[in-house]
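**Student:**
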Amino acid sequence: MDKSLKKNTYLDFAATSPVEERVFNAMLPYFREDFGNSSSIHQWGQQSENALENARISVAQKINCKPTEIIFTSGGSESDNLALKGTALARRSLNGANKILISPVEHPAVSETARQLKEVFDFEMEYLKIDEYGRVDLEDLEKRINPEVAIVSIIYGNNEIGTINPIRQLAEICHQALVPIHTDAVQAAAHLRMDVNRDQVDLLSLGAHKFYGPKGVGALFVRSGTPIIPIQTGGNQESELRAGTHNIPYIVGLAEALTITNENMNNYHEKIIPMRDYLIDSVLASIPDSKLTGHPSHRLANHTSFVFQGLDGNELLVILDQNGFACSSGSACKVGNPKPSEVLLNIGLAPEWASGSLRVTLGRTTTMEEINSFIQILPGVVKSLRK
Ligand SMILES: *Cc1c(COP(=O)(O)O)cnc(C)c1O
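Numbering (numbering that gives the first Met the number 0), first residue to last: 0 to 386.
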C-alpha cells in the first residue's frame, strides 16, 4: 500500500487538535451569508456585531469575567505578546516599573517576548526559581516581587512537560505587591476549567486550536483596571486594544469550542486521565533509563512526556512516524532544532537525557487500542536507536 494512504495514529494533541464538527458548523454561516464587518452601521454589520458580542459573553461566562474584559486576538502567541508588551510598557510609563519576572519554562510566545522587552525595550528580565517539575517556587516569588516589577508571567499548564502551576497562590503574592500577573493558559484551558476570579489573575491567554477550535484565533482576558496599551494599532476594535476587522467565523468558533470543552470536562477527565496514567506507567516499566518529565500528579489530563538517556529525540520521532505514530519531542515550535529543549535543561536534566525527549499527548478520540499498540512498539524502537 502507498505509504501516504496509510492513516497514522495522532498522539500530538498538545501541538494542535482538529476542529470539532459542532464548531465547524457554527462557523459556516459567517463566511458567506453573514459576512458583514462588525464595525458597519447597516444590517450586515449589526448581524456580525451580534455574533461577536454573543461570543464575547459566552467566553466571559466560561472563564468567569465580564464580557468587556475579553479581547479577541489572532491566537495564543498574540495574546501573550499583548499581555506582556502591552502591560510592561503601560506600567513603565505609569509607575516607572522596569522589571519582568517569568518562569524559565515558558512557551516561546512568552519567553521570546520577554527577551525582546529586555534587549530592545531596556527592561530588566529575571527568571523565577522552579522545582524539578517546573513549578514556580512561591517563596522565591515572594522574595523578588516589589513595585519595580512591571509584570509577572507564569505558564498555567506546561506544553512540554505538562506541569500545572499553583496559579492562585502565585497570584495572591503578586496582588499583595500590587503587581499584575499574566498566565499563559493556552494549553491548560483544554483540560481545566478556567476561572479568573478563583485564580485571581489579571491577564490570561487562550488559543482556540488547542481545544478543538480553529487555528489563528485566541483571546486575552484583561482584568478591568489593568494598565495596558495596544500592540497592534489602527481602528478602535476590542476596546482600542487590538485593531483590525474582526474575524467573526473564527471568534464564533473559539466560543463554541470553549463551550464544548467545558460542557464535557468531567467525562473527558474520567476517560483520559486513566489512559494517561496507564501510558506513563507502561513506558516507565518497559524502558530502562527512562524518566517522566514534569509533575506526576499536578499534570495536564492528556499529557505524557519522557526522556530516554542516550538517544536522539528527533530520530525517535522519525522512526515512530514510520511506524504510524505522530508524537513530538516537546514544543511543535522546535522542529529541525537539534539542540535539547531549554525547558528540559531548565528543570535540571543533563543534556544526554534532555536530548532524548518524547511527548505523547492524547485527545478526545484516542482509544485504549491506540495506546496499547503504541506501547507495544516503543520499547523496541528505543532499544534500536540506543545501539
Ligand atoms: C500553542 C501555545 C501557544 C501559542 O498559541 P498559538 O495559538 O499557536 O499562537 C502559547 N502558549 C502555549 C502554552 C501553547 O501551548
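Virtual Cβ for every residue (Gly too), placed ideally from N, Cα, C.
Using C-beta distances below 8 Å, list every residue in its chain close to residue 314, excluding the 5 sequence neighbours before and after it, in chain order.
**Tutor:** Result list for residue 314: 384, in chain order.
**Student:** If you run the structure through DSSP and keep just helix, strand and coil, what is residue 208?
**Tutor:** It is helical.
**Student:** Alpha carbon to alpha carbon, how far is residue 170 from residue 146? Give it in angstroms, no decimals.
**Tutor:** Those two C-alpha atoms are separated by around 15 Å.
**Student:** Where DSSP assigns a beta bridge to residue 124, which residues make up the other side?
**Tutor:** Per DSSP, 99.
**Student:** Considering only the alpha carbon of each residue, which of 144, 92, 362, 239 lies closest to residue 177?
**Tutor:** Comparing Cα positions, the closest option is 144.
**Student:** Distance check for residue 386 and residue 182, CA to CA, integer angstroms please.
**Tutor:** Their Cα atoms are separated by approximately 42 Å.
**Student:** Under the three-state reduction of DSSP, which class applies to residue 14: helix, strand or coil?
**Tutor:** Correct three-state label for residue 14: coil.
**Student:** Straight-line CA distance for residue 378 to residue 117?
**Tutor:** Rounded to whole angstroms, residue 378 to residue 117 spans 44 Å at the Cα level.
**Student:** Which residue's Cα is closest to the Cα of residue 160: 175, 172, 187?
**Tutor:** Selected option, being the one with the closest Cα: 187.
**Student:** Rounding to the nearest angstrom, what Cα-Cα distance links residue 332 and residue 15 in this structure?
**Tutor:** The predicted model places residue 332 with a pLDDT of 48, which falls under 50 and marks its position as unreliable; any figure quoted below should be read in that light. Cα to Cα, residue 332 sits roughly 12 Å from residue 15.
**Student:** With respect to 7 Å, is the separation between the Cβ of residue 359 and the closest non-hydrogen atom of ligand 1 below this value?
**Tutor:** Because no heavy atom of ligand 1 lies under 7 Å away, the Cβ of residue 359 does not count as near it: no.
**Student:** Going by C-alpha to C-alpha distance, which of 251, 69, 62 sits closest to residue 19?
**Tutor:** Here the closest residue by C-alpha is 251.
**Student:** Just the Cα atoms here: how many angstroms apart are residue 387 and residue 24?
**Tutor:** This structure gives no information on residue 387, because the portion of the chain shown stretches from 0 to 386.
**Student:** How is residue 216 classed by DSSP in three states: helix, strand or coil?
**Tutor:** The answer is coil: DSSP assigns residue 216 none of H, G, I, E or B.
**Student:** Quick check: does the Cβ of residue 76 come within less than 7 Å of any heavy atom belonging to ligand 1?
**Tutor:** True, at least one ligand heavy atom lies under 7 Å from that Cβ.
**Student:** Could you pull out every residue in the same chain whose Cβ sits closer than 6 Å to the Cβ of residue 61, ignoring the five residues on either side in sequence?
**Tutor:** So the list reads 257, 261, once near-sequence residues are dropped.
**Student:** Quick one: what's got a C-beta closer than 8 Å to residue 375's C-beta in the same chain, skipping five residues either side?
**Tutor:** Taken in chain order, the list of residues that qualify is empty.
**Student:** Does residue 135 get closer than 8 Å to chain C when you measure Cβ to Cβ?
**Tutor:** This model lacks chain C altogether; it includes just one protein chain.
**Student:** Do you know whose CA, among 211, 180, 221, 75, lies nearest residue 64's CA?
**Tutor:** Minimum Cα distance to residue 64 is reached at 221.
**Student:** What's the C-alpha gap between residue 381 and residue 36?
**Tutor:** Whole-angstrom Cα-Cα distance: 54 Å.
**Student:** Per DSSP, which one or two residues make a beta bridge with residue 325?
**Tutor:** In DSSP, residue 325 forms a bridge with 9.
**Student:** Short of 8 Å in beta carbon distance, which residues of its chain neighbour residue 97, apart from the five on each side in sequence? Order them along the chain.
**Tutor:** If we look at residue 97 and ignore the five residues flanking it on each side, its Cβ neighbours are 91, 121, 122, 123, 147, 149.
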